[in-house]
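This report concerns only the one structure given below.
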Amino acid sequence: MYVLPLLSGGLTLVGAMMVVTCPVAVHAVLYLVVTLLSLAMVLAMLGAQFAAALEIIIYAGAIMVLFVFVIMMLNLGQPDRDREKEWLRPRAWIGPGLLAVVACGELLYGLPTLSDPDGAVFPIDARDVGLSLFGTYVLMVELASFLLLAGLVTAFHIGRTLRETP
Amino acid sequence: MTAFPFNAALLLAAMLFSIGLAGVLVRRNLVFMLMSLDIMLNAAGLVFVAAGARWQDASGQVMFLMILALAASETAVGLAIILCLHAHGRPSLDADTGNLLRG
């Protein structure tokens, strides 16, 4: 009954842990792709097929390709791998790991006040999302386009100085 | 398809967010920090979608779209900064050394 939710949720968590602990950048990107695909499966099981498709197309398709291109251009090799292993000693994990475990424990402690026993989810199709997006939230769509334009201009500016400096 | 329970989605999002937080705190390489930030943004989007599915409201998925746009622009600008630092002859992508940005 719960095989598919358990499988996709567990795959998401394992993939995220491998992203955080993997010393090789390309392997981490591939693990992140696995994480995003299984998270898209979780979204589809929550009844949000439109969000699942966008997760696959934009996150696993576009943003991850950006990561792969940048890692190709950085030309990382064996010294980077060794340095990464040197940075990832067990002593470096004590403080941040403790903080993350405490934060996770607080969240898990606070969750039962939010949750309800039946917890049924209702599917929402793309038509409802589109009506809401271009009806109630049309100003927000414009602001998101401003944000994307600002990101484009910033990336172009930084890339231009990269080419002109010797 | 079997439905994903709402409580399990909250649980998954909390653990995913903590893993991403640990990644941002532990890693010193800028590329890995950006990837951990993406994991955290995904956890936030998962909570939005789950709440929208629970209370049958399309606003959750609208917020997920906004998070997607934010993640796209954030990743583009961050990776451009990484390439700029690398092109200026920095030997490693250590986040601790990049405290001066004379763009």
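Protein sequence lines, in the order shown, are assigned to chains A and B. For the first sequence, the numbering used here begins at 468 and goes up steadily by one. For the second sequence, the numbering used here begins at 971 and goes up steadily by one. The C-beta atom is built at its ideal place from N, Cα and C for all residues, glycine as well.
Cα-Cα separation, residue i to residue j
i, j, result
"Gly544(A)", "Val493(A)", "11 angstroms"
"Leu995(B)", "Leu986(B)", "14 angstroms"
"Pro563(A)", "Leu598(A)", "43 angstroms"
"Ala559(A)", "Asp1008(B)", "22 angstroms"
"Leu1055(B)", "Val481(A)", "31 angstroms"
"Ser635(A)", "Phe623(A)", "The structure shown does not extend to residue 635(A), since chain A is modelled only from 468 to 633, so the question has no answer here."
"Ala515(A)", "Asp549(A)", "42 angstroms"
"Leu1040(B)", "Met1003(B)", "16 angstroms"
"Leu1035(B)", "Leu606(A)", "14 angstroms"
Where residue i falls: helix, strand or coil (DSSP)
i, result
"Asn542(A)", "coil"
"Asp547(A)", "helix"
"Asp449(A)", "The structure shown does not extend to residue 449(A), since chain A spans only 468 to 633, so no value can be given for it."
"Asp1027(B)", "coil"
heavy atom of the ligand MN below 7 angstroms from residue i C-beta
i, result
"Val605(A)", "For the structure depicted, the ligand MN is absent and the ligand set is empty, with no information on it obtainable."
For residue i, the first and last residue of its enclosing alpha helix (DSSP H)
i, result
"Thr488(A)", "Val470 to Thr488"
"Pro557(A)", "Pro557 to Leu581"
"Ala978(B)", "Phe976 to Val996"
Within-8 angstroms CB hit, residue i to chain B
i, result
"Val487(A)", "yes"
"Gly544(A)", "no"
"Leu495(A)", "Correcting the residue identity first, residue 495(A) is Ala in this sequence and not Leu. Answer yes: the Cβ-Cβ gap between Ala495(A) and chain B drops below 8 angstroms somewhere."
"Leu478(A)", "no"
"Val520(A)", "Val is not the amino acid found at residue 520(A); the sequence shown has Ala there. False, the Cβ-Cβ gap to chain B never drops below 8 angstroms."
"Phe613(A)", "no"
Cutoff 8 angstroms: residue i Cβ touching any chain A Cβ
i, result
"Gly1073(B)", "For Gly1073(B), the predicted model reports a pLDDT of 46, less than 50, meaning its position is unreliable; a value from the coordinates is still stated below. Closer than 8 angstroms: yes."
"Gly1022(B)", "yes"
"Leu1035(B)", "yes"
"Ala1042(B)", "yes"
"Leu942(B)", "Outside the modelled stretch of chain B, which goes from 971 to 1073, sits residue 942(B), for which no answer is possible."
At a Cβ cut of 8 angstroms, what residues of the segment 580 to 607 of chain A count as close to chain B, listed as they run along the chain?
Leu581, Ser582, Asp583, Gly586, Ala587, Val588, Phe589, Pro590, Ile591, Asp595, Val596, Leu598, Ser599, Leu600, Thr603, Tyr604 and Met607
May I ask you to list, following chain order, the residues of the segment 975 to 993 of chain B that have a beta carbon less than 8 angstroms from some beta carbon of chain A?
Pro975, Phe976, Asn977, Ala978, Ala979, Leu980, Leu981, Leu982, Ala984, Met985, Leu986, Phe987, Ser988, Ile989, Gly990, Leu991, Ala992 and Gly993
Mind checking the segment 523 to 544 of chain A against chain B and listing, in chain order, the residues whose C-beta falls within less than 8 angstroms of any C-beta there?
Ile525, Tyr526, Ala529, Ile530, Leu533, Phe534, Val537, Ile538, Met540 and Leu541
Along the segment 544 to 561 of chain A, where does the CB come closer than 8 angstroms to a CB of chain B? Name the residues.
Asp547, Arg550, Glu551, Trp554, Leu555, Ala559 and Trp560
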